[in-house]
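*Asks:*
Residue numbers (our numbering): 9 to 281.
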């Protein structure tokens, strides 16, 4: 089932000046792509050493199961992802029985599990319908334990240096034109942390206390990577949320700020062990 959980953080946010928004931020159809050669396929050994907690979310469609989002194991039985992954065809997923979580634990060896519960913040549902992206976080409970799985280390840091490097990973297309699809290949790319004012130039709804802004000149993400991690120094600092695209050009990628939701995540894990 899909459950709602109150998110009670009440931080105040200093408002930066911003120009009128240009493109509308949406979860685009592309996935990790690169301009400068830094996007690379991920070998199984690197998957195991750097992204051992990364999982693929799949659901049933007309032509069988298909990949629709990513996520991170935060327990052997729980996954951290993005709330908007569970909004489809104008409504929220009510029946989660057709969702599966796939975890690679060896050389082309996968374990899958059904999902029996998805919890998202109650504040997200109304704001998302009005174009807001804050509170874009979800916790999934698996029906099967992934025994021995390494879990993501969630960051509690509240700030990150503008210009510092972070890493993204996901499955999908490898070019900005969205024409080369490789859903069977895990890709990784590099991002640069940007200022909140950079994202506000294109999105008046951007909230820096709930989101992390990154530039897209090196590599970019889209809907297939939604829910996946943004990593820095071995810690997950963000959850892939949305991007701004206009005439095929990427302006920014935004990630849910993990440190703003560690309390909410802990509450969900306690209430739904």
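Positions of the beta carbon are idealized from the N, C-alpha and C atoms, including for glycine.
Here the structure is a predicted model, which is why all the values come from computation and not from measurement.
Determine the extent of the alpha helix (DSSP H) in which residue 155 is found, giving its start and end residues.
*Replies:* Here residue 155 refers to the residue found at position 147 of the chain shown. Looking at the DSSP string, residue 155 is not in any alpha helix (DSSP H), and its letter there is neither H nor E.
*Asks:* Under three-state DSSP, which class holds residue 233?
*Replies:* Within the chain shown, the letter at position 225 stands for residue 233. In the structure shown, residue 233 sits in a helix (DSSP, three-state: H, G or I).
*Asks:* Comparing C-alpha positions only, which one of 81, 55, 68 sits nearest to residue 244?
*Replies:* The residue labelled residue 244 in the question sits at position 236 within the chain shown. The option with the nearest alpha carbon to residue 244 is 81.
*Asks:* Pick helix, strand or coil for residue 165, following the three-state DSSP scheme.
*Replies:* Taking the chain shown and counting its residues from 1, the one referred to as residue 165 is at position 157. Reduced to three states, the DSSP call for residue 165 is coil.
*Asks:* How would you call residue 236, buried or exposed, if buried means at least 16 neighbouring beta carbons within 10 angstroms?
*Replies:* Within the chain shown, residue 236 is the residue found at index 228, counting from 1. Per the 10 Å Cβ criterion, buried.
*Asks:* Are residue 110 and residue 157 close, meaning C-beta to C-beta below 7 Å?
*Replies:* In the chain shown, counting from the first residue as 1, residue 110 sits at position 102. In the chain shown, counting from the first residue as 1, residue 157 sits at position 149. Against a cut-off of 7 Å, the Cβ pair of residue 157 and residue 110 comes out as no contact.
*Asks:* With DSSP run on the structure shown, which of helix, strand or coil describes residue 170?
*Replies:* Translated into the one-based positions of the chain shown, residue 170 becomes position 162. It is coil, neither helix nor strand.
*Asks:* Whole angstroms are fine: how far does the CA of residue 78 sit from the CA of residue 194?
*Replies:* Stepping through the chain shown from its first residue, residue 194 is reached at position 186. Stepping through the chain shown from its first residue, residue 78 is reached at position 70. Computed Cα separation, rounded: 11 Å.
*Asks:* Just to confirm the assignment, what range does the beta strand (DSSP E) spanning residue 140 have?
*Replies:* Looking up residue 140 in the chain shown gives position 132. It is not in any beta strand (DSSP E) - residue 140 carries neither H nor E in the DSSP assignment.
*Asks:* So the candidates are 219, 70, 133, 118; which of them puts its Cα closest to the Cα of residue 99?
*Replies:* Counting from one through the chain shown, the residue named residue 99 turns up at place 91. Considering only alpha carbons, the answer is 133.
*Asks:* Assuming residue 159 and residue 83 are in contact, meaning their beta carbons sit under 8 Å apart, how far apart are those beta carbons, in whole angstroms?
*Replies:* Reading the chain shown from its first residue, position 151 is the one you call residue 159. Reading the chain shown from its first residue, position 75 is the one you call residue 83. Sure, about 6 Å apart at Cβ, within 8 Å.
*Asks:* What are the residues that DSSP puts in a beta bridge with residue 262?
*Replies:* As a working mapping, residue 262 is identified with position 254 in the chain shown. Paired residue(s): 221, 250.
*Asks:* Using the Cβ count rule (16 or more neighbours within 10 Å means buried), how would you classify residue 102?
*Replies:* Counting from one through the chain shown, the residue named residue 102 turns up at place 94. The residue in question, residue 102, is exposed, as its Cβ has fewer than 16 Cβ neighbours within 10 Å.
*Asks:* What residues match up with residue 179 in a beta bridge as DSSP calls it?
*Replies:* Taking the chain shown and counting its residues from 1, the one referred to as residue 179 is at position 171. Answer is 194, bridged to residue 179.
*Asks:* Are there 16 or more other CB atoms within 10 angstroms of the CB of residue 122, so buried, or fewer, so exposed?
*Replies:* As a position in the chain shown, residue 122 is number 114, starting the count at 1. The residue in question, residue 122, is exposed, as its Cβ has fewer than 16 Cβ neighbours within 10 Å.
*Asks:* Relative to the alpha-carbon of residue 161, which residue among 280, 281, 267, 278 has its alpha-carbon at the smallest distance?
*Replies:* As a position in the chain shown, residue 161 is number 153, starting the count at 1. Ranking the options by Cα distance to residue 161, first place goes to 267.
*Asks:* What number of angstroms, rounded off, separates the C-alpha of residue 92 from the C-alpha of residue 271?
*Replies:* Walking along the chain shown from the start, residue 92 turns up at place 84. Walking along the chain shown from the start, residue 271 turns up at place 263. Rounded to whole angstroms, residue 92 to residue 271 spans 20 Å at the Cα level.
*Asks:* So residue 220 and residue 238 are supposed to be a Cβ contact under 8 Å. How far apart are they, rounded?
*Replies:* Here residue 220 corresponds to residue number 212 of the chain shown, with the count starting at 1. Here residue 238 corresponds to residue number 230 of the chain shown, with the count starting at 1. About 7 Å; that satisfies the 8 Å criterion.
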